[in-house]
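2 protein chains.
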Amino acid sequence: MTQPARYHHGDLHAALLREAAVLLREQGVEGLSLRRLAERAGVSRTAPYHHFQDKNALLCALAEDGFHRLDRLMEEAAFQADDPEPGLRRFVRGYLRFACDDPEQYELMFGRTLWKTGRPTESLTRVAHGCFRRYVDKLEADGLRATTLPGGADPLRVAQASWATLHGLCRLLLDGIYVDRQDMEAVSDQAVALMLAAVRPAP
Amino acid sequence: MTQPARYHHGDLHAALLREAAVLLREQGVEGLSLRRLAERAGVSRTAPYHHFQDKNALLCALAEDGFHRLDRLMEEAAFQADDPEPGLRRFVRGYLRFACDDPEQYELMFGRTLWKTGRPTESLTRVAHGCFRRYVDKLEADGLRATTLPGGADPLRVAQASWATLHGLCRLLLDGIYVDRQDMEAVSDQAVALMLAAVRPAP
DNA sequence: ATGCTATGTTGACGCTGTCAAGATAGCATC
DNA sequence: GATGCTATCTTGACAGCGTCAACATAGCAT
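Going down the list, the sequences are from chains A and B. Take 0 as the starting number for the first sequence in numbering that gives the first Met the number 0 and just add one per residue. Take 0 as the starting number for the second sequence in numbering that gives the first Met the number 0 and just add one per residue.
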C-alpha cells in the first residue's frame, strides 16, 4: 500500500485538493503554486495537469468546497419567526467566524482571483449563485415573514444590501485595513442593528 | 529636450507613476509588471529600482494617489444638518461612482495586494487611516448631529458598519459576483435606507 | 499477449521580480 | 578646466512561476 515510490499515485486528484487546502490556509493563494503542490504530493511538476485543466480549475474546485461548507452553515442557522434578532445575530456571528476561521478560503471564494482575473468554472458559478439564493430565501422566509418591510423594499434588495454589509465587514477585517479584530464583535452587533433597522420600521 | 535616446530620462519617477496608472486602469494589477512599465517608459528593466524600492513601493504610491482623490471627493460631499438623507445619498452614489470609474485603482487601494500580501508603506497607512477618520468625523459632524442615535450606538461603530456596507457593495460589484451593475442604483438606495434606519430611530 | 488509455515524467519556453556589477551623465569642488 | 562623487541607467544573471510538447509507464479490456 504505502510503497514509497510507485509510478501511479493512486488518488492524486483528492490528494491535490487536500494538500491545496492546507497550503491555501497556511500561505494564501500567493503561496499556492502548482509546482509546490506537486512536490508536496510527491509527484512531478506537471502531473496535476492530468487532473485539473489548469491552476484556475483547481482553485475553482477549492472554492466550491468552501461554498458547500457555507451552505451547511446557513442550513444550521435558524431564525425565529416572532423575533428574528437572536437568529440573525447568531447567523452573522457564524458567518464572520466562518470567514475568520479560514480567511484565505473566504478570500478565494469571493475574491477577484477567480471572479475577475480568472475564469470561474460553470460549476462554481452555479454553486455560488445557489448559495446566495438560499440566503435570500432564508431571509425572506424566516427573517422577514413576521416583520413588515418599509414601503417598497424588495426582499432581494434587502438581501443584497445586508450581504454586502456582511461581506464588507469580512473584507475590511481580513485584509487588515480598518477594523481591529477586537472591535469585531461590536461592529458585528452594529451591523445586525443596521440590518434589523431596515427590516422592522419601528422598535 | 525630446531627444529620443538620451541616457538619463529626466523625470522617470513621475513618468513611471503616470504610465503605471494607465496600465493599472487598462489591465489591472495582474497586467502591471515592472518590466512592461519600464519598456513603456522607454527604459531598461531595472531602471525603476532607482526610483522605487520595489514593486510594492510603487503600488503603494499609486494607491496613495487614489486616497487623495477619495479625500477630495469626501470634502465636496456636503450633508445638510436638518435632513442628512439627500447628502448621504449623494455621497454614497459618489463613492460608488469613484469605485466604478477606476475599479482597478479601487481594488488596489483596498485590496489584499497591498494590505495583506504586500507591506503597506507607512505613508500609505497614514493617508488611508486619515481618510477613514475624515469619514467618521464627517458622519458625526454633518450626518448625525441633528439626529439621535439609538441607545448606546457609538458613532465610530456606525461609521465602521456603514463603510463596510459601502465597501462590500463595491467589492461584490467590481468583482462581478452577485450584484448586476444595473441593479446598482436600487441596491445603493437600499444601502442608504439601511444606514439611515440605524441613524434615526423612527420615521 | 496486445493494445488502448489514463497517468506520470523530463525538457523547454517565456514570463516575472530582483540582485550584482559595470557604464554614463551631471554636478560640485578644487 | 580637470577631478571626483553620486544619481541614474545598463546588461547579465538567477530562481520561481504556469504551461505546452514529447515521451514513459502502468493498468485494464480485449
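By construction, the Cβ of each residue, glycine as well, lies at the ideal position given by its N, Cα and C atoms.
Close-in-space but distant-in-sequence residues of the same chain around residue i (CB under 7 angstroms, 5 per side omitted)
| i | result |
| --- | --- |
| residue 27(A) | 103 |
| residue 130(B) | 66, 69, 70 |
| residue 250(B) | Lying before the first or after the last residue shown, residue 250(B) is absent from chain B, which here runs from 0 to 202. |
| residue 50(B) | 11, 12, 15 |
| residue 98(B) | 105, 169, 173 |
| residue 46(B) | 11, 37 |
| residue 180(B) | 172 |
| residue 54(A) | 33 |
| residue 237(A) | Residue 237(A) is absent from the model: chain A starts at 0 and stops at 202. |
| residue 19(A) | 31, 36, 57, 61 |
| residue 158(A) | 134, 135, 138 |
| residue 155(B) | 135 |
C-beta neighbour in chain A for residue i, strict 8 angstroms
| i | result |
| --- | --- |
| residue 107(B) | no |
| residue 84(B) | no |
| residue 166(B) | yes |
| residue 196(B) | yes |
| residue 170(B) | yes |
| residue 174(B) | yes |
| residue 156(B) | yes |
| residue 72(B) | no |
| residue 189(B) | yes |
| residue 60(B) | no |
| residue 185(B) | yes |
Close beta carbons around residue i, own chain, < 8 angstroms, minus the five adjacent residues each side
| i | result |
| --- | --- |
| residue 42(A) | 8, 11 |
| residue 240(A) | Chain A is shown only over 0 to 202; residue 240(A) falls outside these bounds and no answer can be derived. |
| residue 204(B) | Lying outside 0 to 202, the shown extent of chain B, residue 204(B) is not represented and no answer is given. |
| residue 165(A) | 91, 94, 95, 190 |
| residue 56(B) | 120 |
| residue 188(B) | 88 |
Contact with chain B by residue i, beta-carbon distance below 8 angstroms
| i | result |
| --- | --- |
| residue 91(A) | no |
| residue 81(A) | no |
| residue 135(A) | no |
| residue 181(A) | no |
| residue 160(A) | yes |
| residue 193(A) | yes |
| residue 40(A) | no |
| residue 224(A) | There is no way to answer for residue 224(A), as the model of chain A reaches only from 0 to 202. |
Beta-carbon contacts of residue i that lie in its chain and below 6 angstroms, excluding the five residues immediately before and after
| i | result |
| --- | --- |
| residue 88(B) | 191 |
| residue 126(B) | 63, 66 |
| residue 161(A) | 194 |
| residue 79(B) | 86 |
Proximity test, residue i beta-carbon vs the ligand FMN heavy atom, cut-off 7 angstroms
| i | result |
| --- | --- |
| residue 117(A) | With respect to small molecules bound, the structure shown includes none, and the ligand FMN cannot be examined in it. |
Exercise. Evaluate contact between the segment 71 to 88 of chain A and the segment 37 to 44 of chain A, counting only Cβ atoms and requiring at least three cross-stretch pairs below 8 angstroms.
Key: With the cut-off at 8 angstroms, the segment 71 to 88 of chain A and the segment 37 to 44 of chain A do not touch.
Quiz item: Is there contact between the segment 111 to 121 of chain B and the segment 168 to 177 of chain A, where contact requires at least three CB pairs shorter than 8 angstroms?
Solution: A contact exists between the segment 111 to 121 of chain B and the segment 168 to 177 of chain A.
Self-check item: Residues from the segment 103 to 129 of chain B in contact with chain A, defined by Cβ distance under 8 angstroms
Solution: Those would be 106, 109, 110, 111, 114, 115, 116, 127, 128, in chain order.
Self-check item: Members of the segment 14 to 35 of chain A that neighbour chain B once the beta carbon cut-off is set at 8 angstroms
Solution: 27, 29
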